[in-house]
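Protein sequence lines, in the order shown, are assigned to chains F and H.
In the numbering used here, each number is its position in the first sequence, counted from 1, plus 314.
In the numbering used here, each number is its position in the second sequence, counted from 1, plus 248.
We put the CB at the ideal spot given by N, CA and C, even for glycine.
Here the structure is a predicted model, which is why all the values come from computation and not from measurement.
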Amino acid sequence: MEIAASQKFEIVERSDEQLQQQAASGDFVAFQELISRFQSRVFRVARRIVGNQHDAEDVTQLTFLSVMDHLDDFRKESGVATWILRIATNHALKVLRKRRGLPTVSLDAPVGDAEDSYATLPHPEFIAQWRDEPSRLAQQREVRQLIETALEELPEKYRVVFVLRDVEGLSVKETAEALGLSESNVKVRLLRARLDLRERLTRALGDEATRMFPSHDHDG
Amino acid sequence: MTCEEMLAALNDYVDGEQLSATCEKFAQHLAGCNPCQVVVDNIRQTINLYQNGEPYPVPAEFQQQLKECLRQRWEAKFGPTPPQK
């Protein structure tokens, strides 16, 4: 039997912003939905920044406790996703600093040092085509280990920018908002991360037979 | 174009942003420079590899623990929550 148009139910998924507002006004179900929508993303970001499951779980829990504590403080200048990822990133960075016995300082503290300019960028050295497509390489256990190790060895200020921008797909503007950095700072850190990871991965995954050498002659 | 200008243009080029004058120059250079083409390809492959990499699923046990912890905190702050389904 056909259902009359007037009887059809339209299921409209609530936006992140609607869930946040409803949670802020005391709706626990909306809060739970917000958690289930973001828990994978928060856990993945945390796991990639802190490097192990146990700390990633702590960071995820602390993140949602902070979200609950600050539901009223959310301002609409940034999206809910950016807001939650910023909270998660800050908790993850606190874990790293605690691990190293350093005081907790904000991520933007080192802005302005030489490494945040284009002046001293590392130039590509090992240039070769990769031996296979990334989607196939990602299936190999040793390659998965390699990419995680390369990411872990990247200095944290570059790693965090790479994870938010390139892995999680935040825009440069959103990444800057999440980390309290300028967009130009995000861009230069992102470039350093990309160049560093490219170099490491190409040394491991590049086909030596296709290796070529840069001429440093860019007038052509 | 200096190497530094090339590298600075590289990011915008990889992201497919609106081509600035420097970026246009970079695109022209790229057409005739094999090593630079490979570097651009390598960077795109690097990003792709991380996007395709380890998904890190949230452990089921932790999901339960998280849910319970947040429920308890919510009740302490705001009062009773609806019964669990």
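Mind pulling the chain F residues with CB within less than 7 Å of residue i?
i: H:Glu-302; result: Arg-458 and Glu-462
i: H:Ala-324; result: Here the premise fails: no neighbours, minimum Cβ distance about 10 Å.
Per DSSP, residue i is paired with what?
i: F:Met-526; result: F:Ile-441
i: F:Gly-520; result: F:Trp-444
Below 8 Å on C-beta distance, what does residue i contact in chain F?
i: H:Glu-252; result: Tyr-432, Ala-433 and Leu-435
i: H:Cys-271; result: Result: empty, since nearest Cβ-Cβ is about 13 Å, beyond 8 Å.
Counting only Cβ pairs nearer than 7 Å, list the residues of chain H close to residue i.
i: F:Val-475; result: Residues of chain H passing the Cβ test: none, with the nearest at roughly 11 Å.
i: F:Val-343; result: Pro-330
i: F:Ile-401; result: Those do not exist, as F:Ile-401 stays about 14 Å from chain H at its closest Cβ, beyond 7 Å.
i: F:Leu-451; result: Leu-297
i: F:Gln-438; result: Note on identity: in this sequence residue 438 of chain F is Pro, with Gln being the wrong assignment. Under the 7 Å cutoff, chain H gives Val-287.
i: F:Leu-511; result: Thr-294
i: F:Pro-469; result: The contacting residues do not exist; F:Pro-469 stays about 16 Å from chain H at best.
For residue i and chain A, any beta-carbon pair shorter than 8 Å?
i: H:Tyr-298; result: Among the protein chains in the structure shown, which are F and H, there is no chain A.
Give the residues of chain H in contact with residue i, contact being defined as C-beta atoms less than 9 Å apart.
i: F:Glu-371; result: Val-306, Pro-307, Phe-310, Gln-313 and Leu-314
i: F:Trp-397; result: Within 9 Å Cβ-Cβ: nothing; F:Trp-397 doesn't reach chain H, min ~17 Å.
i: F:Arg-508; result: Leu-258, Asn-259, Val-262, Ile-291, Thr-294 and Ile-295
i: F:Gln-334; result: Neighbours of F:Gln-334 on chain H: none; closest Cβ ~15 Å, over 9 Å.
i: F:Leu-407; result: Those do not exist, as F:Leu-407 stays about 18 Å from chain H at its closest Cβ, beyond 9 Å.
i: F:Phe-527; result: Pro-283
i: F:Ala-442; result: Val-286 and Asn-290
Buried or exposed: residue i, going by 16 or more other Cβ atoms within 10 Å of its Cβ?
i: F:Gly-426; result: Note that F:Gly-426 has pLDDT 49, beneath the 50 cutoff, so the model's placement of it is unreliable and no number is given.
i: H:Gln-293; result: buried
i: F:Asn-366; result: exposed
i: H:Asn-290; result: buried
i: H:Val-262; result: buried
i: F:Asp-510; result: buried
i: F:Phe-342; result: buried
i: F:Thr-516; result: buried
i: F:Gln-453; result: exposed
i: F:Thr-374; result: buried
i: F:Val-419; result: The pLDDT assigned to F:Val-419 is 49, lower than 50, so where the model puts this residue is not dependable; a value taken from the coordinates is nonetheless given after this. Flag for F:Val-419 reads exposed.
i: H:Cys-284; result: buried
i: F:Phe-527; result: exposed
i: F:Lys-501; result: buried
i: F:His-368; result: exposed
i: H:Ala-256; result: buried
i: F:Pro-424; result: Only weak support is given to the placement of F:Pro-424: the predicted model assigns it a pLDDT of 47, under 50, and the question is left unresolved by the model.
i: F:Gly-520; result: buried
i: F:Val-326; result: exposed
i: F:His-405; result: buried
i: F:Asp-480; result: buried
i: F:Ala-402; result: buried
i: F:Pro-469; result: exposed
i: F:Arg-508; result: buried
i: H:Asn-282; result: exposed
i: F:Pro-276; result: Nothing can be reported for residue 276 of chain F: it is not among the residues displayed for chain F, which extend from 315 to 534.
i: H:Gly-301; result: buried
Note down, in chain order, every chain H residue with its Cβ under 8 Å from the Cβ of residue i.
i: F:Gln-454; result: Those within 8 Å of F:Gln-454 in chain H number zero; the least Cβ separation is about 11 Å.
i: F:Phe-378; result: Leu-314 and Leu-318
i: F:Gly-340; result: Phe-326
Open item on the list: Could you tell me which whole alpha helix (DSSP H) segments of length 4 or greater appear in the stretch 282-318 of chain H?
Closed with: 282-300
- [ ] Quick one: which residues of the stretch 475-505 of chain F get their C-beta closer than 7 Å to a C-beta of chain H? List them in chain order.
- [x] With the criterion set as a beta carbon lying under 7 Å from some beta carbon of chain H, the members of the stretch 475-505 of chain F are Asp-480, Val-481, Lys-501, Leu-504 and Leu-505, in sequence order.
Open item on the list: Short of 8 Å Cβ to Cβ, which residues in the stretch 352-368 of chain F face chain H?
Closed with: Gln-353, Ser-354, Phe-357, Arg-358, Arg-361, Arg-362 and Gln-367
Task: Near-chain F residues of the stretch 269-295 of chain H (beta-carbon distance less than 8 Å), N- to C-terminal order - done: His-277, Gly-280, Cys-281, Asn-282, Pro-283, Cys-284, Val-286, Val-287, Asp-289, Asn-290, Ile-291, Gln-293, Thr-294 and Ile-295
Task: Complete alpha helix (DSSP H) runs within the stretch 341-370 of chain F (minimum length 4 residues, chain order) - done: 342-364
TODO: Kindly provide the ranges of any beta strand (DSSP E) runs that are 3 or more residues long and lie completely inside the stretch 253-277 of chain H, ordered along the chain.
DONE: none
Task: the stretch 515-526 of chain F: positions lying closer than 7 Å to chain H by Cβ - done: Leu-515, Thr-516 and Met-526
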